[in-house]
Amino acid sequence: MHTKFHKFWLVGLLVIVSMLANVSGVAAFPEPPDGPQPAQPRGGSGAGVAVTQGAEPNAQAIALGKPGTVFSYNSAFGEVDTPYFDSPTLDDPILYLNRPFGLRYNAAGELFITEEDGARLSMLETDGTPVVLAGRPGMHDWGNFGMNWPKDVAVDANGLLWVPNNEVITVVDPNAPEGERVVAHVPNEPWNEPNESRLNESMGLAFDGTRLFVSDRGRNCVKVFDADINNFTMTWRYDIGVCDEWGDASQTERFNRQAHVEFYDGVLYVADSDNNRVMACEEDPADTFTCSVFHGTGNPGSADDELNRPAGLGLEFSPNPYLLIADGDNGRVARCNLSGGPVTCDPDFITVYGWPVIDVAYDAVSGTYAVSDGEKIRRFPATGGGDADYTVIAGDPDGKPYLTDDAHFYGVRGIDTDSKNNVYFAEELGGRMFKFDALGNLVWSFGTRSDNPEEGLNGPMSLAVSRTGLVYVGQNGWARLLVYSAVDGSFVRRIDQDWDTGTEDYHLTGVSGLAVDPRGYVYVADRWRHRVMVYDRFDQKVMELGVKDEPGQDSGHFAEPGGIAVDAKLNIYVADTNNCRVQKFNKKGVYQMTIGSQMCGPDGFDSLGRPLDVAVDAKGRIYVADEWHVRTQVFDKTGAYLTTIGGNWGSGTSQFRNASGVAVDKKSNVYIADWSTAQVKKFLPKAPDYFGQLTLNGFGSRWADAVTAVSMYKGLLYAGVQSDRGAQIWRKGKKGWEVVEADGFRNGNNGIDFLFEYNGMLYASTYNYDPNSGGQIWRTMDGLTWQIVVNNGFDQFQRNPEVFRMMKVGNELCATTWSSNSGAQLWCSPSGDLGSWTKEDLGGDGFGHDDGIAITDLVEYQGAWYASTFHANYDDDGDGNPDDLDGDADGGQVWRRDNTGTWSQVNENGFGNTGNIVISSLVPFTGGLYAMAVHSPGESSQIWRCTDQCDDTGDWEFVTDGETLGGDWNYRRGAGLVLVGTRLAAVMGNNDLGLGVFTTLDGNLWTQAGLPGMGNSNNQLTYYSNSLFPYKGNLYMGVFNWGTGASLWKFCPTKKVCK
């Protein structure tokens, strides 16, 4: 909306990409704007038509429940964004390695290492000193931390490192200062790439000059690009292999999940992993490649001519050329000559039997070899060798991948609670399981990453606790269903059966969901077989849902089912993950209903995006962990929408990157596992003290994201809303909320700036960024029928796109503007009628300054008028940056009009701090005039006051600021002041913690009310004081929330329970 606000687009594709952090990482979204932004104008709805909340225009294909269901953040298990400890440290010099997958020496003999599971790129200097170049341990997120799932590394002609990082190639400068080494992600916006150049799971890289070969394992082909190594761009040329189609060992033109590549003398060598071979693809003059088998028979084996899942490749020149092959599951390195003539290979040149060999690299400086076994790096001499011939040069000699404790969690997935409100959860990546009591104290922890169920777990995805004290754990690795004691975590038994024994009823593929009903029956989601198995307490099969090995979209089929829940009546709820829905069945397995009306659609309340888990509480409320939409959706027992926990991507208290699991205890406390932020977050089933939410999120629409104006008129509460359909006005009637103006007054108005009662009528001012229009003022006597009284920005069109605020001054109704690239104006009318408005003389628009683009408040105090401004947003100093963002702004101003009608400035610009770009509010209180100064990023907002005549710049004194009040400098956005009964309230937005409400009785002693964001960090700000309305000693607050939709809250300063 305002020229200072940055656009914040949460449109479909970016949202979906952001939800894939667990597999692909995400670049961070831009900071949301400080206020409403323009919505696209939409067609009209009949003015004055009252519609029940949730019907048109905000209707979605889901029923809406009653307002009032609120969950507030309480605490978290785990340290945010820290799944385990970093290494090396001063106390422990070991560079622990979590599945090192890629190795590469440069010409100087420095060794570069990528950790696939550890999400880091490191370097061993020539003296063996380890240096972490990029990434954060265990954090798979290239947008925030640089690395996602790095699997290889190549060195370009400039000495920069190119790292395949799933859907991007990350470029790293190893010589840059720490924190500045990641110089580019190519492409920068992978979600916008055309299909031919799009990467899915980039695994290996090889340069041939500026030609770059990228092995894309997810697409089963090698993509060839022209790489601009100076400007960090890649232009697609052609493919080797057939993308998106796999081939078997009988086909030489196709690959099957190939890994690393090397290029030498016109030949591209490809480790065709799942076909157990290495391919040699020779270039012909037509700029194409013809592939043939270089080594391996296509069958997995350990004979001299066989390979078993080869992954890494390396080149050696000593001085003769050799291709080195990391022969994966055979635990060896083959060395094959490339000097011409028949190919001969030494299949056991290096052996590390008992360990997989993932990659190999040759150091031309020392003539030695580096070999990765998945947990450490071994150096072998020029002669190769075996177990007696190596030294460990990186990683723990004993194979420990990282250091951790019982307060850090790596990839939390399965979660449940028991009858005593104890909490259990497991680490999918860490292989451990934990039990905490209801107070958050550790009871026990079990295991490590292991294939032995008595020692640990291998990829646990699901967990459920029975009433009889058993913990059921479902694994992805080895696809096992295991049972442990809830008392101490000891192993009890295994239920599934090996595939070469037993029956189909016990042959599982990835146990992605578990539940135990009151009878002790166990419900098992068999992910890859697309079915749900039900076993009685004696492990005997009693029922099967879905069709085995047959995915589908009708009510009788699943597509990779996930979490399961069973309610008190034995109804069964299944998170049908790849169908993006939850299905409900009765105890006999008969289909009842579906939640999720759009197959994997955008993040409206009526759609789900890859739901991973589901839970049900004692009231029958249904909780769905909605992974792609980074939230948990809450529905009543009929499937009607109630509320959302989360909805914004991030690491804030009410934000998620992957909502991977959900559980509810007997008190309806909700526990949500976030796979990517390494936490389990606890939410209480109530609003924090002194606050109450009065509306459904977004008034029933995910895309109504801001309540920008609030007023009481004839005993009814009104709210102005910014939505995807334009400006809306809602009111709370006897039967609940109803929309009284649905579609921007049929004039393309983007939103409501202010609501104000004058002479018995309710006035609404708008912002309208249609090039052929401008801000408007409408009024009504009954709340239904509206009449326009100001059009087209006081007939100045886009010079005045917003009529920002209204107030009564003397007996007149006055309105201020928020202008575009010109000074703000003040208009007044003795009646408010159409044609009665005149512009006040301010000594020039914007009080003589084009940069005074908005008059944000106007009050009477001690017989004079006082006006505050937004000043300014333009590049007056010519440095290429908006002045309010580079610290060069003039700063907000306060102006005074005396009884002669003369205006004069009575403060220093920004109260001496040019970062105070907006003076948003002026409030007379306890013998003084208080002002809120909103600061640009970097410092918190400030409160100032004058207690004298307020006619001189020296009359003002600093009172306090957001950092002092709330302990965080981010308390600055959309800040406003308002008088609430006998208290002065300051509301300051915070995009990390959520907005803060601070009150004082005397102007000196301030206290914070309730929790930041009312327990939801996504409740980020109000619209200055425009969306604050005091009434009968309480405060109504319209709130911005880009994750769940806007909401209207009530603050009761003297009542802990506020309704």
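Using mature numbering (1 follows the signal peptide of the UniProt record, and there is no 0), the letters of the sequence shown map in sequence onto residues -27 to -1, 1 to 1032. Ideal placement from N, C-alpha and C gives every residue a C-beta, glycine not left out.
Within its own chain, the residues whose Cβ lies closer than 6 Å to the Cβ of S188, once the five positions on either side in sequence are excluded, are M176, G177, V195, Q231, V234, listed in chain order. According to the DSSP assignment, D257 belongs to the beta strand (DSSP E) that extends over 250 to 257. Of all alpha-carbon atoms in H530, V597, L84, the one lying nearest the alpha-carbon of V563 is that of H530. Every beta strand (DSSP E) of 3 residues or more that sits fully in the segment 738 to 806 is shown, in chain order, as 750 to 753, 759 to 763, 775 to 782, 785 to 791, 799 to 802. With respect to the C-alpha of F729, the residue from N991, T364, S998 having the closest C-alpha is S998.
A check of alpha carbon separations from P661 across G304, G988, V547 identifies G988 as the nearest.
Cβ-Cβ distances below 7 Å link V155 to A107, G119, T143, V145 in the same chain, with the five nearest sequence neighbours on each side left out; the list follows chain order.
Distance from the Cα of D391 is smallest, within the candidate group L430, A591, A437, T790, for A437. Runs of beta strand (DSSP E) with 3 or more residues, each lying fully within the segment 875 to 916, are found at 876 to 878, 889 to 898, 901 to 908, listed in chain order. W979 has its alpha-carbon roughly 6 Å from the corresponding atom of F971. Sequence-distant partners of V316 (beyond 5 residues in either direction) whose C-beta falls short of 8 Å from its own C-beta, in its chain, are F267, H268, C309, N310. A Cβ-Cβ separation of about 5 Å places V683 in contact with Y1009 under the 8 Å criterion.
Counting the other Cβ atoms within 10 Å of the Cβ of A380 gives fewer than 16, which makes it exposed.
Non-local C-beta neighbours of D638 in its own chain, meaning closer than 7 Å and more than five positions away in sequence, comprise T390, N394, ordered along the chain. For D818, there is no enclosing beta strand (DSSP E); the enclosing alpha helix (DSSP H) has its first and last residue at 818 to 821. Pairing I468 with Y496 gives a Cβ-Cβ distance that is not under 7 Å. Going by DSSP, G519 is part of no alpha helix (DSSP H) but of the beta strand (DSSP E) stretching over 514 to 519. Under the three-pair Cβ rule at 8 Å, the segment 1014 to 1023 does not count as touching the segment 951 to 965.
In the DSSP annotation of this structure, N1007 is not part of any alpha helix (DSSP H); the continuous beta strand (DSSP E) holding it starts and ends at 1007 to 1012. Y479 carries a helical assignment under DSSP once its states are collapsed to helix, strand and coil. By the neighbour-count definition (other C-beta atoms within 10 Å, threshold 16), D378 is an exposed residue. Distances from the alpha-carbon of T356 to those of P374, N272, I323, I350 put I323 closest.
Here P150 is exposed, its C-beta having fewer than 16 other C-beta atoms within 10 Å. In this structure, the beta-carbon distance from D830 to V776 does not fall below 7 Å.
Around the beta carbon of M207, 16 or more other beta carbons sit within 10 angstroms, so the residue counts as buried. Under the three-state reduction of DSSP output, N165 falls in the helix class. When the Cα atoms are used, D814 and T955 turn out to be separated by approximately 35 Å.
DSSP places F531 in the coil class of the three-state scheme, outside both helix and strand. Sorting Q666, S649, V635, S793 by C-alpha distance to the C-alpha of F656 places V635 at the top. Between D90 and R72, the C-beta gap is smaller than 7 Å, which places the two residues in contact.
Per DSSP, the unbroken beta strand (DSSP E) holding E714 starts and ends at 709 to 714. P370 has no beta-bridge partner at all, per DSSP.
Separation of the CB atoms of V603 and A548 is rounded to 16 Å, and the pair is thereby denied contact status at 8 Å. Within the segment 315 to 361, complete beta strand (DSSP E) segments of at least 3 residues are found at 318 to 324, 332 to 336, 341 to 345, 349 to 353, given in chain order. Shortest Cα-Cα distance from S439 to any of Q628, G493, S877 involves G493. With a cutoff of 7 Å on beta-carbon distance, E427 and F398 are scored as not near each other.
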